[in-house]
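Visitor: The structure's right below; bear with me while I get my questions together.
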């Protein structure tokens with residue numbers, strides 16, 4: 077039996093959600109779109125095309141999607157050397173790995189962005205595998221990223237737990253049949269995470285680590 081611990085990264089292990097919001101807001105502003113940051117925040121965690129559709133609508137000029145996405149990547153890239161993990165994020169991964177779980181990062185990040193996130197977490201010795209946007213055709217809330225992560229370590233859904241900070245994370249894990257834990261550090265309310273399928277909700281990685289035995293990772297989880 078392979079036991080797995082699957083983790084979203086942005087807003088879950090690394091404090092990036094609001095950096096993404098600001099970067100997207102500026103990308104939209106540069107293209108002449110005035111959009112509220114709240115709307116952007118609610119869509120963080122979805123693939124770029126889906127986020128743009130959420131903010132601008134399906135009737136937008138889709139020819140603009142690539143330039144908006146490129147602008148966001150350029151703006152967000154200015155933060156790479158300053159990205160900061162949440163307290164105890166690396167310790168949480170090492171603790172779970174020490175308990176025999178295969179730790180897999182499940183993220184839409186790739187390339188230099190993913191490398192920057194991994195540097196911030198600073199727990200390479202605990203990470204077994206990483207699934208990125210390059211590995212799947214559909215991002216969260218589709219179950220494909222979670223299913224790919226399970227496949228990468230040969231784990232069954234019932235032998236895994238997924239940790240994330242957005243409703244998209246909760247929905248993706250639930251659709252893949254994996255019990256999920258929500259963290260509030262990404263800025264999404266507890267009630268929204270629970271409604272989307274979270275079996276338990278904690279403040280941040282440090283809070284989850286402190287209550288690991290009482291979470292889905294515990295002996296009675």
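In our numbering, the protein residues as written are 77 to 297. Where is the CB? At the ideal position from N, CA and C, for every residue including glycine. In this text, all values refer to a predicted model and were calculated from it rather than measured experimentally.
According to DSSP, what are the bridge partners of residue 239?
Guide: Answer is 83, 257.
Visitor: Mind checking who residue 172 pairs with in its DSSP beta bridge?
Guide: Note: residue 172 sits in no beta bridge, so no partner.
Visitor: Could you check where the beta strand (DSSP E) with residue 138 kicks off and where it finishes?
Guide: That residue, residue 138, is in no beta strand (DSSP E); it is neither H nor E in DSSP.
Visitor: Evaluate the contact criterion for the segment 187 to 197 versus the segment 212 to 222: three or more CB pairs, one atom per stretch, below 8 angstroms.
Guide: Cβ pair count under 8 angstroms is below three, so no.
Visitor: Using 8 angstroms as the Cβ pair cut-off and three pairs as the minimum, do the segment 166 to 179 and the segment 143 to 157 touch?
Guide: No, because fewer than three Cβ pairs between the segment 166 to 179 and the segment 143 to 157 fall closer than 8 angstroms, the two stretches do not touch.
Visitor: Which residue wins for smallest C-alpha separation from residue 87, given the options 80, 121, 265?
Guide: Minimum Cα distance to residue 87 is reached at 121.
Visitor: Quick check: the Cα distance between residue 241 and residue 133, rounded to an integer number of angstroms?
Guide: Rounded to whole angstroms, residue 241 to residue 133 spans 24 angstroms at the Cα level.
Visitor: For residue 257 versus residue 281, is the C-beta distance shorter than 8 angstroms?
Guide: No, the pair does not count as a contact, with Cβ atoms beyond the cut-off.
Visitor: Expressed to the nearest angstrom, what Euclidean distance is found between the alpha-carbon atoms of residue 98 and residue 92?
Guide: The alpha-carbon atoms of residue 98 and residue 92 are separated by roughly 10 angstroms.
Visitor: Where does residue 246 land, buried or exposed, given buried means 16+ other C-beta within 10 angstroms?
Guide: By the neighbour-count rule (16 or more Cβ atoms within 10 Å), residue 246 is buried.
Visitor: Report yes if the C-beta distance between residue 277 and residue 254 is below 8 angstroms; otherwise report no.
Guide: No; because the gap between Cβ atoms is not below 8 angstroms, this pair is not in contact.
Visitor: For residue 122, name the three-state secondary structure that DSSP assigns.
Guide: Looking at residue 122 - three-state DSSP - the assignment turns out to be strand.
Visitor: In chain order, which continuous runs of the beta strand (DSSP E) of length 3 or greater are located wholly inside the segment 151 to 214?
Guide: Segments of the beta strand (DSSP E) lying fully in the segment 151 to 214: 178 to 182, 203 to 207.
Visitor: Hey, residue 85 and residue 260 are a contact pair by Cβ (cut 8 angstroms); roughly how many whole angstroms apart?
Guide: Rounded, the Cβ-Cβ distance is 16 angstroms, inconsistent with contact.
Visitor: Given a threshold of 16 other Cβ atoms within 10 Å of its Cβ, counted over all protein chains shown, does residue 265 qualify as buried or as exposed?
Guide: Looking at its Cβ environment, which holds fewer than 16 other Cβ atoms inside 10 Å, residue 265 is exposed.
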